[in-house]
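>
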């Protein structure tokens, strides 16, 4: 079999029944992402986009494609932020890849560390606690929002792919987490909270294996191993395993889940979002739903 | 360990961390079901309840408990309907158990068969088609509604347990079936459609294994094997396997899924239900969303 252009097949899309050469595959990925950006108004005039990069394939692809768009425009800017949680050799290697990518693309990169910002690395904070991902996720998002804002970003872009998004949807659905469920979507903004930088996910319709194949096709520098040494978060793994099986048996299932959530979430937001007083944390002044934000609460617990 | 009453432990409830003797277990199940009936107004004055029974544990428990309530009241009536799809020995055995139960409880039973109603048994209709469950489910629900109505029932009760309900919720969620998703719940009614008998599910908060233990504790006659010979519907099996694993790791997950769906569905119904013209099938005059109902469409396809 050959690609419809006659070229040698590089990627087989089971859910579409298509086979694409490297060039057609790359073009099709970029077309999809640009369509996602256009339909959901992910970026707009005069945006200064901050891309959260880890050195992994997803954020690498995200930075690359956003830079391709931004570099052609005079009214937009782009930069990258990496968070160094201090997870030993693993983070050192991924950050070195992130730097390499930014140098290649000529995109400024800023690196912030848990050690400097919170006084301790993740391993020091955890001190043998099990739920590393909860701590790390909360602290990382907090720091990214704060640093993006301090660097005058108008958008904060994440490299979440289709699998990540379907996993988050299903996880919050089966565990009945309404607050997090309603926060899902291609764009998350909260105009009432001035300190919150709107988040965008340009890759949320691209399956994980296609993001990987895209990085490989373009030979983009990235750290190939997926798993962080702490990544044993079993909830997400149970969900992931189920979704792999589902997608394998019923190709297109992941798309369907994301599409269905996109249909349900807007009317649910209307119903459940009541305009409440916006609070800011009494300790750090960052946006919070409670008097003390989750980060300060966690840091308090760890006696920081 | 002993039950809080001092009796010998009969059932261990992992999600509650309780251990119950036979008597306390039976009482707790009945209390839960009665609460479910009360909170959701499942039955009301002057009801004539039709219970769909298959001979299996779920419908057995459902008939037993509803009869316990109805027999104490003068304004209510109860009867059972069994559908004989003509699935050979399997259905013969289950129907014989259903009859035994009704005799024991002194509840009238009516048996209707695919052969008499549609002219063919399920195996004859299927003629080697794979999706037996789709055909059978549609035809069975159609016949139950029609016969319940002809027998002047005001409610049609099903023995769906917690696992069934969580499975249906997740199945319709991951496959993005909005119509079916919105039809889930403890009570399904459609006042606009006169020919539709309101459906109730009194057991939807009872886990499958507890329904089983309940039947065993009361020594209720039922056919113990779960699986119909056609029951190879792989979609539901994939979902079931995942939910078993989830409940095992995170006891209480099944409840959480049902509770979350109960929270989301009412506002979604408000948003998505537009009052359309109620249609009745041109061929059989039963309620239908299209000109020709699903049953007549299926029967047409099978050249009946």
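Protein chains in written order, with my numbering: chain W, 41 to 344; chain A, 41 to 344. Ideal Cβ placement from N, Cα and C applies to all residues, glycine included.
According to the neighbour-count rule (16 or more other Cβ atoms, all chains shown, within 10 Å of its Cβ), is residue 45 of chain W buried or exposed?
Position 5 of the first chain holds residue 45 of chain W. Residue 45 of chain W comes out exposed.
> Note down the Cα distance separating residue 191 of chain W from residue 122 of chain W, rounded to an integer number of angstroms.
Position 151 of the first chain, counted from the first residue, corresponds to residue 191 of chain W. Position 82 of the first chain, counted from the first residue, corresponds to residue 122 of chain W. Approximately 13 angstroms, taken between the alpha carbons.
> How would you list, in chain order, the residues of chain A whose beta-carbon sits under 8 angstroms from the beta-carbon of residue 216 of chain W?
Taking the first chain and counting its residues from 1, one reaches residue 216 of chain W at position 176. Correct list: 296, 297, 299, 300, 303.
> To which residues of the same chain is residue 42 of chain W closer than 8 angstroms at the C-beta, ignoring the five residues directly before and after it?
Residue numbering aside, residue 42 of chain W sits at position 2 when the first chain is read from its first letter. Hits under 8 angstroms: 48, 49, 59, 61.
> Do three or more CB pairs link the segment 84-98 of chain W to the segment 130-139 of chain W at distances below 8 angstroms?
Touching, yes.
> CB residue 297 of chain A to CB residue 214 of chain W, shorter than 8 angstroms?
Residue numbering aside, residue 297 of chain A sits at position 257 when the second chain is read from its first letter. Residue numbering aside, residue 214 of chain W sits at position 174 when the first chain is read from its first letter. Contact flag set, yes.
> Taking the beta carbon of residue 87 of chain A as the centre, do at least 16 other beta carbons fall within 10 Å, making it buried, or is it exposed?
For the purposes of this step, residue 87 of chain A is taken as residue 47 along the second chain, with counting starting at 1. Buried, since its Cβ has 16 or more Cβ neighbours within 10 Å.
> Are the CB atoms of residue 171 of chain W and residue 237 of chain W nearer to each other than 8 angstroms?
Start at 1 with the first residue of the first chain, and residue 171 of chain W comes out as number 131. Start at 1 with the first residue of the first chain, and residue 237 of chain W comes out as number 197. Taking 8 angstroms as the Cβ cut-off, residue 171 of chain W and residue 237 of chain W do not qualify as a contacting pair.
> Could you have a look at residue 228 of chain A and say whether DSSP puts it in helix, strand or coil?
Reading the second chain from its first residue, position 188 is the one you call residue 228 of chain A. Looking at residue 228 of chain A - three-state DSSP - the assignment turns out to be strand.
> According to DSSP, is residue 276 of chain A part of a helix, a strand, or is it coil?
Position 236 of the second chain, counted from the first residue, corresponds to residue 276 of chain A. Residue state, collapsed to three classes: helix.
> Suppose you measure from the CA of residue 217 of chain A to the CA of residue 188 of chain W; what does that come to, to the nearest Å?
The residue labelled residue 217 of chain A in the question sits at position 177 within the second chain. The residue labelled residue 188 of chain W in the question sits at position 148 within the first chain. If you take the alpha carbons of residue 217 of chain A and residue 188 of chain W, they lie about 39 angstroms apart.
> Within 10 Å of its beta-carbon, does residue 293 of chain W have 16 or more other beta-carbons around it, so buried, or fewer, so exposed?
Taking the first residue of the first chain as position 1, residue 293 of chain W is located at position 253. Buried.
> Buried or exposed: residue 146 of chain A, going by 16 or more other Cβ atoms within 10 Å of its Cβ?
Here residue 146 of chain A refers to the residue found at position 106 of the second chain. Exposed.
> Given that residue 285 of chain W touches chain D, what residues does it touch there, using C-beta distances under 9 angstroms?
Among the protein chains in the structure shown, which are W and A, there is no chain D.
> Give the interface partners of residue 308 of chain A over in chain W, defined as CB-CB distance under 8 angstroms, in chain order.
Numbered from 1 along the second chain, position 268 holds the residue referred to as residue 308 of chain A. Under the 8 angstroms cutoff, chain W gives 304, 307, 308.
> Verify the CB distance criterion: does residue 119 of chain W have a CB-CB separation below 8 angstroms to chain A?
Mapped onto the first chain, residue 119 of chain W falls at position 79. Residue 119 of chain W does not count as touching chain A.
> Going by DSSP in three states, residue 100 of chain W sits in which element: helix, strand or coil?
Here residue 100 of chain W refers to the residue found at position 60 of the first chain. Helix at residue 100 of chain W.
> Within 8 angstroms of any Cβ in chain A, is that where the Cβ of residue 65 of chain W sits?
For this step, residue 65 of chain W is matched to residue 25 along the first chain. Output row for residue 65 of chain W: interface = no.
> Could you tell me which residues DSSP puts in a beta bridge with residue 197 of chain W?
By 1-based counting over the first chain, the position of residue 197 of chain W is 157. In the DSSP output, where bridge partners are listed per residue, residue 197 of chain W has W:91, W:240.
> Is there at least one non-hydrogen atom of the ligand GTP closer than 7 angstroms to the beta-carbon of residue 192 of chain W?
In terms of ligand content, the structure shown is empty, and the ligand GTP therefore cannot be addressed.
> Please identify the residue among A:56, A:159, A:100 whose C-alpha is closest to the C-alpha of residue 119 of chain A.
Locating residue 119 of chain A in the second chain gives position 79, where the first residue counts as 1. Nearest of A:56, A:159, A:100 to residue 119 of chain A, Cα basis: A:100.
> Using the beta-carbon count (16 or more within 10 Å), is residue 57 of chain W buried or exposed?
Position 17 of the first chain, counted from the start, is the residue given in the question as residue 57 of chain W. Result: exposed.
> Could you tell me which residues DSSP puts in a beta bridge with residue 42 of chain A?
In the second chain, counting from the first residue as 1, residue 42 of chain A sits at position 2. The partner list for residue 42 of chain A (beta bridge, DSSP) reads A:48.
> In three-state terms, what does DSSP make of residue 324 of chain A?
The count along the second chain starts at 1 and reaches residue 324 of chain A at position 284. It is coil, neither helix nor strand.
> On a Cα-Cα basis, can you pick out the residue from A:83, A:69, A:66 that is closest to residue 239 of chain A?
Stepping through the second chain from its first residue, residue 239 of chain A is reached at position 199. Considering only alpha carbons, the answer is A:83.
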